[in-house]
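Visitor: Structure provided below as structure tokens; questions to follow.
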Amino acid sequence: MDLRLLKKRFYERDPKIVARGLLGKKIVRRFGNISLEGLIIETEAYYGSKDPASRAFYGMKNYNKSMWGEPGSIFIYNVHNNWMFNIVAHEFRKVGAILIRALEPLKGIEVMKVNRGVGDLRLIASGPGRLSRALNIDKSLNNKTVTSDHSEIFIVDNNIEFDIGTSYRIGVKIDLDEKLRFFIKGNKYVSR
DNA sequence: CGCCAGATTGACT
DNA sequence: GTCAATCTGGCGG
-2 MDLRLLKKRF
8 YERDPKIVAR
18 GLLGKKIVRR
28 FGNISLEGLI
38 IETEAYYGSK
48 DPASRAFYGM
58 KNYNKSMWGE
68 PGSIFIYNVH
78 NNWMFNIVAH
88 EFRKVGAILI
98 RALEPLKGIE
108 VMKVNRGVGD
118 LRLIASGPGR
128 LSRALNIDKS
138 LNNKTVTSDH
148 SEIFIVDNNI
158 EFDIGTSYRI
168 GVKIDLDEKL
178 RFFIKGNKYV
188 SR
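Quick note on numbering: this note's numbering labels position 102 of the first sequence as 99, and the sequence is numbered without any gaps.
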């Protein structure tokens, strides 16, 4: 049992709070006897019916229903042949999720390079589709939890210092009048 | 079944 | 900066 494991209560808060809080944390991906690790560099917060950029905006569908799930569960969907990895995060009885947009590769780097078919460290996981490929993330993880250290993916606390940058969200058609993208300022693994 | 849009990526001018 | 490939899921007929 890793005492630094982030539990459900961490995710049961306003999505933008959780999005900031996830920066600098360590994500651990396990499958078979392989363990891959990365530092969370960039996140975005999404809400429910008040957020036109959210997959939950038009109500519950088959493909987005896990966004209504337990805080700390996984929400995955596809955009242009890329799997978007989200962690469900919202206050009690609300809807929301955090999109993980970039990682700094820490462990299992050779495996990640093979998964991505590139050698440049900065190209391995700096982008939501890229990090999913690097970590073998696809639809099969949808609705599973990250709050157990027996999970295929979980997140642990990390004691590092950094400054946080913010911006509007990337790639969305209609954004809210609030900056909901967060990243570690000056870090070279931030997506473009 | 066909059509279309999308929280992207990679290649290129 | 521009642009098209590629695929999943929703929706209409």
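Note that CB positions come from ideal geometry on N, CA and C, so glycine has one too.
Could you work out which residue in Leu128, Asn155, Ser63, Trp80 is closest to Arg113 when comparing CA atoms only?
Guide: Start at 1 with the first residue of the first sequence, and residue 113 comes out as number 116. When only C-alpha atoms are compared, the closest one is Leu128.
Visitor: Going by CA-CA distance only, name the one from Glu34, Lys62, Glu9 that's closest to Glu149.
Guide: Within the first sequence, residue 149 is the residue found at index 152, counting from 1. For Glu149, the nearest C-alpha among the options comes from Glu34.
Visitor: Tell me, to the nearest whole angstrom, how far the beta carbon of Asn155 is from that of Lys22; I am working on the premise that it is less than 8 Å.
Guide: Looking up residue 155 in the first sequence gives position 158. Looking up residue 22 in the first sequence gives position 25. Contact holds; Cβ gap of about 5 Å.
Visitor: Touching or not, the segment 46 to 55 and the segment 115 to 131, by the rule of three or more beta carbon pairs under 8 Å?
Guide: No: the two stretches stay apart, fewer than three of their Cβ pairs being nearer than 8 Å.
Visitor: Have a look at Gly168, Asn75, Asn184 and flag the residue whose alpha-carbon is nearest the alpha-carbon of Ile157.
Guide: Taking the first sequence and counting its residues from 1, one reaches residue 157 at position 160. Closest option to Ile157, Cα to Cα, is Asn184.
Visitor: How big is the Cα-Cα spacing for Tyr74 and Phe159?
Guide: Counting from one through the first sequence, the residue named residue 74 turns up at place 77. Counting from one through the first sequence, the residue named residue 159 turns up at place 162. Cα-Cα distance, rounded: 30 Å.
Visitor: Buried or exposed: where does Ile31 fall if 16 or more other Cβ atoms within 10 Å of its Cβ makes it buried?
Guide: Within the first sequence, numbered from 1, the residue matching residue 31 stands at position 34. Exposed: under 16 other Cβ atoms inside 10 Å.
Visitor: How many angstroms separate the CA atom of Ala16 from the CA atom of Tyr8?
Guide: The count along the first sequence starts at 1 and reaches residue 16 at position 19. The count along the first sequence starts at 1 and reaches residue 8 at position 11. Whole-angstrom Cα-Cα distance: 9 Å.
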